[in-house]
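Asks:
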Amino acid sequence: LACDFLFGFGLNPFFNVSCIIVNELSGATLRQYNNFILFLFWSFGEMIIVPIAYHFEGEWRNTMIYGVSIPFTIFMALQFAITESPRFLYSSHQFDKLGPLMKQIAYENKRE
């Protein structure tokens, strides 16, 4: 029951946050392509849930737990590992957090 509650409470905001993160972190030239990839994997997951539901035959609670709620809970936990976007930090004048984040991004991209 708790997993069903978490699923119903957070699935739509989770999808919206995923779209926002892709838009924030993508450059202007790759933004459409990255959103397409996001929606492609989302629809692939929607297609995978059908064989999972067929496997449990009428046990919709098990389908929700194993096919949806557990992966959703994992992805919600991963949301806390994502840092604020540089664009947000710049627009909200949080320059003290922006400097170290930009240095980290430059280090990971092997730029100076």
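One gets the numbering used here by counting positions in the sequence shown from 1 and adding 236 to each. For every residue, glycine included, the Cβ atom is placed at its ideal position computed from N, Cα and C.
1. For H329, does the three-state DSSP call read helix, strand or coil?
2. Going by beta carbon distance, what residues of the same chain come within less than 6 Å of A317, once the five residues before and after it are set aside?
3. Using 8 Å as the threshold, is the C-beta distance between V253 and N271 below it?
4. Tell me which residue opens and which closes the alpha helix (DSSP H) that G266 is part of.
5. Compute the beta-carbon to beta-carbon distance between E260 and S328, rounded to the nearest angstrom, for a pair I have assumed lies under 8 Å.
6. Candidates L325, E293 and G281: which alpha carbon is nearest F308's?
Replies: Well, looking at it:
1. coil
2. none
3. no
4. The amino acid at residue 266 is misidentified as Gly; the sequence shows Leu. Note, L266: premise wrong, no alpha helix (DSSP H); not H, not E.
5. That belief does not hold up - the Cβ atoms of E260 and S328 are roughly 13 Å apart, past 8 Å.
6. G281
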